[in-house]
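Quick mapping for you: the protein sequence lines, in order, are chains U and Z. Heads up: the first sequence is residues 923 to 1262, going by my numbering. Heads up: the second sequence is residues 923 to 1262, going by my numbering. Contents: one structure, followed by commentary.
There are 2 protein chains.
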Amino acid sequence: MKHRIGILGFGTVGQGLTEILLKKKEFLSKKYGFTYSIVAVADFKFGNVYNPKGLDMERLLKEARAGKKFSKDIVDWDNEKMIKKTDTSVWCELTYTDLQTGGPAINHVRTALKSDKHVVTSNKGPAALFYPEMKKLADKHNVRFMIEGTVVAGTPIINLADGPLAGCTITKIRGILNGTTNYMLSEMEKGMGYNEVLKIAQEKGYAEADPTGDVEGYDARGKVTILANIVMGAGIKINEVPCEGITKITSSDIEKAKKNGKRWKLIGSVEMTDHGVKASVKPEMIEMNHPLAGVMGATNALTFSTDLLGDVTIVGPGAGKIETGFSILTDLIKIHRESC
Amino acid sequence: MKHRIGILGFGTVGQGLTEILLKKKEFLSKKYGFTYSIVAVADFKFGNVYNPKGLDMERLLKEARAGKKFSKDIVDWDNEKMIKKTDTSVWCELTYTDLQTGGPAINHVRTALKSDKHVVTSNKGPAALFYPEMKKLADKHNVRFMIEGTVVAGTPIINLADGPLAGCTITKIRGILNGTTNYMLSEMEKGMGYNEVLKIAQEKGYAEADPTGDVEGYDARGKVTILANIVMGAGIKINEVPCEGITKITSSDIEKAKKNGKRWKLIGSVEMTDHGVKASVKPEMIEMNHPLAGVMGATNALTFSTDLLGDVTIVGPGAGKIETGFSILTDLIKIHRESC
Chain U
923 MKHRIGILGF
933 GTVGQGLTEI
943 LLKKKEFLSK
953 KYGFTYSIVA
963 VADFKFGNVY
973 NPKGLDMERL
983 LKEARAGKKF
993 SKDIVDWDNE
1003 KMIKKTDTSV
1013 WCELTYTDLQ
1023 TGGPAINHVR
1033 TALKSDKHVV
1043 TSNKGPAALF
1053 YPEMKKLADK
1063 HNVRFMIEGT
1073 VVAGTPIINL
1083 ADGPLAGCTI
1093 TKIRGILNGT
1103 TNYMLSEMEK
1113 GMGYNEVLKI
1123 AQEKGYAEAD
1133 PTGDVEGYDA
1143 RGKVTILANI
1153 VMGAGIKINE
1163 VPCEGITKIT
1173 SSDIEKAKKN
1183 GKRWKLIGSV
1193 EMTDHGVKAS
1203 VKPEMIEMNH
1213 PLAGVMGATN
1223 ALTFSTDLLG
1233 DVTIVGPGAG
1243 KIETGFSILT
1253 DLIKIHRESC
Chain Z
923 MKHRIGILGF
933 GTVGQGLTEI
943 LLKKKEFLSK
953 KYGFTYSIVA
963 VADFKFGNVY
973 NPKGLDMERL
983 LKEARAGKKF
993 SKDIVDWDNE
1003 KMIKKTDTSV
1013 WCELTYTDLQ
1023 TGGPAINHVR
1033 TALKSDKHVV
1043 TSNKGPAALF
1053 YPEMKKLADK
1063 HNVRFMIEGT
1073 VVAGTPIINL
1083 ADGPLAGCTI
1093 TKIRGILNGT
1103 TNYMLSEMEK
1113 GMGYNEVLKI
1123 AQEKGYAEAD
1133 PTGDVEGYDA
1143 RGKVTILANI
1153 VMGAGIKINE
1163 VPCEGITKIT
1173 SSDIEKAKKN
1183 GKRWKLIGSV
1193 EMTDHGVKAS
1203 VKPEMIEMNH
1213 PLAGVMGATN
1223 ALTFSTDLLG
1233 DVTIVGPGAG
1243 KIETGFSILT
1253 DLIKIHRESC
């Protein structure tokens, strides 16, 4: 079965995904019987292009890397029309994240699902703000809304819960869901203060110029909300999740924890309780022998507590060009396998 | 779709699986649409029973726990005939493991696959000795040969590689695949000698009276062989895998490692090299900051090195009554989802 892929947003992730798809074309066909053609790309900077026979992606990559507008197959359609009118079977929504409104991504997702087209996304907006609604819409149209890339793209958490842990009831989730803050806490243990470490994190590209999203825990809160809704069917809203970041952690806090054989981590947690599903993000001192304690630097990790297996922990990389590209690819393969 | 399950071997794992299936009947139906009837059970101690309308599993459990033979639905059929002639869609092969010949389990598996019935097993024999052949046979008959339970039953390694990591090329696998020896090495770090620790492990039920399979690394070698063949398609034989256990590790070795900031672990590894897939089991000193270093006690863990994500590590429990029961259940659900 040949998948007809459309890509919304041809920035880092869109280009990363394309690079992987091109490089792995033969591998994907041989190992999974997965064959594809990228027929549509919509990008506000490079333009909207469509070719039902398949776009020349090598050329598109070259043009985008050079910062040039796309030169061929240009159509004068807005994104709405691109999604609806092109002969596409699946859309990869890879535009920028807005955790306040979910826009414009949420409109793309809605239009695609209503047009009976699958959606795969790494965009936390639609997933954190509208998962239950989008899931229902996808079910109604007999297509899939896949979001592995929205929570720690380089570590396949959502698909682990859905697949290999199938049969278990997951009662609790605790994770290090933000690489930037974990890197900062790890560095502070070496003796530096918060501001000094933040500056280094910004220089290394881990933290953005405005680091609020990471250090105040908002990024982790988005992920926690998604996990609560997708893994535990909670139906909670992002603003209902109590959230505290790492800005108040001092060198002396770190030192004190160390003396008590503990370590500070920014923990996102979701728990099934007698009063429904509770979620939160806050710094916690955890015992050194806990599997999450040893997770240092920009690495992410998550422990599922389950009825049948007790704790199962997964540790891996966070988001990055190739990691997030992978998360989209793996969901595309999942859709492919389900539709065979 | 209602699955008609047959169980071969009604010992600890068979009973554990049955307990889970009974307890989770409603959950499985609601969450996965998975409905079932256990119609056949074959056990050399309790007898062979068959009821196409479904066996009374509560009664069978009660009888088995009391050490009594099954009292109803008895048939005078050998296992071969049970597998072939009963109206079953899937057989769970849960008899004892023989890593020399694979028997009698391998005959059960062959017969079931040839009868167009799926096989799910936690039995390392058929998986370690005959995986490539059984996979081919299953493909030919359009059924599945599922073996999640053969490698660290409580930590879903095989299904993680197959599903959530799909799209990656796995280039290396390194794992703590035997809980008994990991427990022993962890205890030795507290200052006890090998023989003393072995005695405690035996008292706690971690190690058997004849501990050879664990301490000489043979159990880990079986798992490594399975991983090499199923994850990397290696086609290697168990006897080709170099294997060294922990019997030569002394307290002084442990002490020396500690002084160098390292720790001994019995590591099973599989690696893609220019000269094909290489596998081995041997004690290794690993750096304290490696994710496997912090895995203590009877816990198991495994790191996949991949082309797209770098290292992804999973940590969880080993085999046990419920853990192994889970591994069978999760493969049953996988078959169910694929056949919907």
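Ideal placement from N, C-alpha and C gives every residue a C-beta, glycine not left out.
Compute the Euclidean distance between the alpha carbons of U/I1152 and U/Y1053, then round it to the nearest angstrom.
Roughly 7 Å between the two C-alpha positions.
List the residues of chain U whose Cβ lies closer than 9 Å to the Cβ of Z/G1232, in chain order.
G1076, G1238, P1239 and E1245
Beta-carbon of Z/P1026 versus every beta-carbon of chain U: anything under 7 Å?
Not closer than 7 Å to any Cβ of chain U, the Cβ of Z/P1026 fails to qualify, so no.
Where U/M1218 meets chain Z, residues with beta-carbon distance less than 9 Å
In chain order, N1211 make up the part of chain Z whose C-beta sits under 9 Å from the C-beta of U/M1218.
Applying the criterion that 16 or more other CB atoms from any shown protein chain within 10 Å of the CB defines a buried residue, is U/K1046 buried or exposed?
buried
Check each candidate in U/I1171, U/R1096, U/M1210 and U/G1247 and name the one with the smallest Cα separation from U/I929.
U/G1247
Top-ranked residue by Cα proximity to U/W999, from U/F966, U/P1026 and U/T1019:
U/F966
Short CB-CB distance (under 7 Å) between Z/I1255 and chain U
yes
At what residue ranges does the stretch 1057 to 1111 of chain U contain a whole run of the alpha helix (DSSP H), taking only runs of 4 or more?
Those alpha helix (DSSP H) runs which fall completely within the stretch 1057 to 1111 of chain U and span 4+ residues are 1079 to 1084 and 1101 to 1110.
Pull up the distance between the alpha-carbon of U/I1005 and that of U/H1030, whole angstroms please.
7 Å
Using a C-beta cutoff of 7 Å, does Z/L1149 count as contacting chain U?
no
Which word fits U/G1097, buried or exposed, when buried means at least 16 other C-beta atoms lie within 10 angstroms of its C-beta?
buried
Once you ignore the five residues that flank U/A1142 on each side, which residues in its own chain have a CB closer than 6 Å to its CB?
L1099, N1100, G1190 and V1203
Measuring straight from C-alpha to C-alpha, what distance separates U/G938 and U/V971?
18 Å
Run through DSSP, which three-state label would U/T1172 get?
In the structure shown, U/T1172 sits in coil (DSSP, three-state: anything other than H, G, I, E or B).
If we cut at 7 Å on Cβ distances, does Z/G1089 have a partner in chain U?
yes
Taking 7 Å as the threshold (beta carbon to beta carbon), is Z/I1251 in contact with chain U?
Just to set this straight, residue 1251 of chain Z is Leu in the shown sequence, not Ile. Judged by the 7 Å Cβ criterion, Z/L1251 is in contact with chain U.
Does at least one heavy atom of the ligand PLP sit under 6 Å from the Cβ of U/M979?
Absent from the structure shown: the ligand PLP. Ligands present: none.
Counting C-beta neighbours from all protein chains within 10 Å, is the total for U/L1254 16 or more, i.e. buried, or is it exposed?
It counts as buried.
For Z/H1212 and Z/T1147, I'd like the C-alpha separation in whole angstroms.
24 Å
Nearest residue (CA-CA) to U/E941, options Z/D1175, Z/G1089, Z/M1154 and Z/I1236:
Z/G1089
By the criterion of Cβ-Cβ separation under 9 Å, what are the contact partners of Z/T1102 in chain U?
Neighbours of Z/T1102 on chain U: none; closest Cβ ~18 Å, over 9 Å.
Where U/I1158 falls: helix, strand or coil (DSSP)
Coil, per DSSP.
Limits of the alpha helix (DSSP H) - the one that U/M979 falls within:
Unbroken alpha helix (DSSP H) run through U/M979: M979 to R987.
Could you name the residues of the stretch 941 to 954 of chain Z whose beta carbon sits closer than 8 Å to any beta carbon of chain U, in the order they occur along the chain?
I942, K946, F949, L950 and Y954
Residue-chain proximity (U/T1235, chain Z), Cβ-Cβ < 7 Å
yes
By how many angstroms is the C-alpha of U/T1235 removed from the C-alpha of U/G1216?
12 Å
If we define contact as Cβ-Cβ less than 7 Å, is Z/G1183 a contact residue for chain U?
no
In chain U, what lies closer than 7 Å to Z/G1085 by C-beta?
Residues of chain U passing the Cβ test: N1081, G1085 and P1086.
Opposite U/D1233 in the DSSP bridges: which residues?
U/S1227
State the DSSP-derived secondary structure class of U/E1205, mapped to helix, strand or coil.
Note on identity: in this sequence residue 1205 of chain U is Pro, with Glu being the wrong assignment. Correct three-state label for U/P1205: strand.
Locate the alpha helix (DSSP H) running through Z/V1031, then write down its first and last residues.
A1027 to K1036
Whole angstroms is fine: what's the gap from Z/E1070's alpha carbon to U/Y954's?
20 Å
Does the Cβ-Cβ distance between U/V1074 and U/N1182 come in under 7 Å?
no
So U/P1086 packs on Z/G1085, CB below 8 Å; how close in whole Å?
6 Å
Z/D995 burial status per 10 Å Cβ neighbour count (16 or more: buried):
buried
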